[in-house]
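Following: one structure in structure tokens, then a few remarks.
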Amino acid sequence: MSKSHFFRRFASGHGSKSAGNSGEHEASPLQKLGWKSFFQQQLSLDELEKYAPLRVTEVHRSRLVLAGEEGSTSLSLTASVASNMPTVGDWLLVARDSGHFVRLLNRSSQFERMAAGGQQVQLIAANVDSVFIVSSLNDDFNLSRIERYLALARESGCRPHLILSKADLCEDHSHYLQMLHPFGEMPVAVVNSLDGESVMQLRDWCLPGETIVLLGSSGVGKSTLLNTLSGESLAETGDTREADSKGRHTTRKRSLHPLSWGALLLDSPGMRELGLVHVEDGLVQTFADIEALARECRFSDCQHQSEPGCTVQNAIAEGVMDQRRLQNWQKLQTELCRNGRNLAQKRAGDRALSQLYRSVQNQSRRRKYHEKD
Ligand SMILES: Nc1nc2c(ncn2[C@@H]2O[C@H](COP(=O)(O)OP(=O)(O)OP(=O)(O)O)[C@@H](O)[C@H]2O)c(=O)[nH]1
Ligand SMILES: [Mg+2]
Ligand SMILES: [Zn+2]
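Numbering follows full-length UniProt numbering, in which position 225 of the sequence shown is assigned residue number 225; successive positions increment by one, without gaps.
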């Protein structure tokens with residue numbers, strides 16, 4: 001993003017239609033980037049004068065793209081910057097005079113997943129307020145995947161919203177909407193992401209200063225939604241395969257886009273695999289109905305299979321609970337345990353390796369000392 005483009009985008013916010021906030025003060029450029037008192041409180045007055053807060057909008061192999069009051073800039077990913085593991089959405093401080101990195105600010109929320117290979121945690125985004133889980137009304141629609149995204153969103157304390165896209169290509173929306181009853185009060189919108197009028201219904205969920213992450217499989221229309229909501233061609237979009245409606249992984253990198261009225265949309269590549277890690281609370285919240293039933297089972301260690309007095313199985317038999325939902329709950333629990341265990345083993349292995357390394361170094365130092373004698 002060039003500096004002039006950044007300013008043009010902000011300038012276009014002045015006098016543009018607001019998302020129902022008329023009468024409120026115009027947000028400052030920093031507030032339009034998501035700056036809140038939570039971050040401001042982490043700086044002394046002296047630091048506020050000396051350092052500029054900048055938000056990470058893209059992470060590349062050797063540099064970060066940042067946005068701040070003065071526009072857009074980039075920062076080399078030196079060892080000291082990289083050791084903080086900055087991710088898209090992070091706020092960091094840079095000295096106003098030298099441009100040197102000072103520190104990364106504490107995050108209000110963070111999203112992470114188990115990286116492919118199951119040995120490492122990968123940060124997806126930081127300082128997110130709200131999540132748009134995008135699913136198209138076709139073969140991509142998958143309740144178990146929505147539950148997986150929900151666990152992630154709920155763990156980080158973000159507000160989840162479900163966006164059902166490609167409504168223009170679907171003859172019967174109600175068939176899909178009926179399947180959403182386990183999600184209770186979650187806000188749901190049915191949209192044609194190519195149509196500006198249709199996506200206007202999402203403006204009320206894109207509050208000024210709030211950061212929204214778009215999650216969903218490849219081809220569901222995350223980048224299309226970003227383009228239509230912003231009214232600009234900010235992201236490349238791609239075809240989907242006719243046979244199975246799957247996308248072609250058009251978006252390759254996560255990127256944060258400030259919209260003219262002050263909300264920020266974080267576009268992300270459709271992930272093949274969203275391995276869950278550290279989302280125990282999010283899972284409990286996502287499956288609160290089963291958790292409540294399970295507490296009433298006759299045996300406290302009930303596996304909810306064929307045990308007598310199993311209230312979960314009774315609910316399935318009565319048609320008020322879905323067998324699929326039970327299976328997904330159990331699958332995600334197993335996945336969380338396995339990933340947690342793998343990480344703990346890897347950490348223990350790393351610790352043992354560094355202990356071994358230190359003891360070899362000490363022995364060699366002692367040997368050299370005695371040789372001098
Ligand atoms: N008819 C219709 N087409 C849509 C809609 N939303 C997206 N598309 C089309 O679906 C295709 C994929 O859209 P993208 O926005 O690239 O999908 P994406 O989710 O960003 O995909 P990745 O970047 O690969 O993760 C494009 O051809 C879009 O024009 C919609 O609501 N209706
Ligand atoms: Mg995309
Ligand atoms: Zn049971």
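Just so it is clear, CB atoms sit at the ideal spot from N, CA and C, and this is done for glycine as well.
Can you pull the DSSP bridge partners for residue i?
| i | result |
| --- | --- |
| SER76 | ARG63 |
| GLU112 | LEU123 |
| TYR51 | ALA95 |
| PRO258 | LEU264 |
| VAL320 | DSSP, once it has assigned bridges, lists no residue as partnering VAL320. |
| SER130 | ARG159, ILE212 |
| SER359 | Bridge partners of SER359: none, in fact. |
| GLY89 | BP columns for GLY89 are empty, so no partner. |
| VAL56 | LEU66 |
Buried or exposed: which applies to residue i, given that a residue is buried once 16 or more other Cβ atoms fall within 10 Å of its Cβ?
| i | result |
| --- | --- |
| SER44 | exposed |
| ASN84 | exposed |
| LEU276 | buried |
| LEU215 | buried |
| CYS337 | exposed |
| PHE287 | buried |
| ASP90 | buried |
| TYR149 | buried |
| LYS17 | The predicted position of LYS17 is uncertain, since its pLDDT is 36 and thus under 50; a value taken from the coordinates is nonetheless stated next. It is exposed - the Cβ of LYS17 has fewer than 16 other Cβ atoms within 10 Å. |
| ASN106 | exposed |
| ASN339 | buried |
| LYS368 | exposed |
| GLY34 | buried |
| VAL360 | exposed |
| GLY247 | buried |
| THR87 | buried |
| HIS173 | exposed |
| ASN362 | exposed |
| GLN313 | buried |
Would you report the Cα separation of residue i and residue j, rounded to the nearest angstrom?
| i | j | result |
| --- | --- | --- |
| residue 392 | ALA294 | Lying outside 1 to 373, the shown extent of the chain, residue 392 is not represented and no answer is given. |
| LYS222 | ARG298 | 45 Å |
| SER218 | LYS331 | 23 Å |
| HIS257 | PHE101 | 22 Å |
| SER22 | GLY209 | Since pLDDT at SER22 reaches only 44, below the 50 mark, its modelled position is unreliable, and the value read off the structure follows with that caveat. Approximately 15 Å between the Cα atoms of the pair. |
| ALA352 | ARG366 | 21 Å |
| MET114 | ARG252 | 18 Å |
| GLU280 | SER268 | 24 Å |
Can you tell me where the alpha helix (DSSP H) holding residue i begins and where it ends?
| i | result |
| --- | --- |
| VAL199 | 196 to 199 |
| ASP204 | Unbroken run through ASP204: none, as it is neither H nor E. |
| HIS173 | 173 to 178 |
| PHE39 | 37 to 40 |
| PRO29 | 29 to 32 |
| GLY144 | One detail in the question is off: residue 144 reads as Ser in this sequence, not Gly. Taken as a continuous stretch (DSSP letters only), the alpha helix (DSSP H) holding SER144 covers 143 to 155. |
| THR211 | Counting along the chain, THR211 falls outside any alpha helix (DSSP H), though it belongs to the beta strand (DSSP E) covering 211 to 215. |
| ASN227 | 222 to 230 |
| LEU293 | 288 to 294 |
Mind checking which residues open and close the beta strand (DSSP E) that includes residue i?
| i | result |
| --- | --- |
| ASP267 | 264 to 267 |
| PRO160 | 159 to 165 |
| PHE101 | 101 to 104 |
| VAL190 | 188 to 190 |
| VAL279 | Segment: none, VAL279 is in no beta strand (DSSP E) and carries neither H nor E. |
Any C-beta of chain C sitting closer than 8 Å to the C-beta of residue i?
| i | result |
| --- | --- |
| SER62 | As a matter of chain content, chain C is missing from the structure shown, which is built from one protein chain. |
With respect to 7 Å, is the separation between the Cβ of residue i and the closest non-hydrogen atom of ligand 5 below this value?
| i | result |
| --- | --- |
| GLY216 | This structure lacks ligand 5; the ligands present are ligand 1, ligand 2 and ligand 3. |
Handout entry: Beta carbon shell of ligand 3 at less than 5 Å from a heavy atom
Key = CYS297, CYS302, HIS304, CYS310, VAL312
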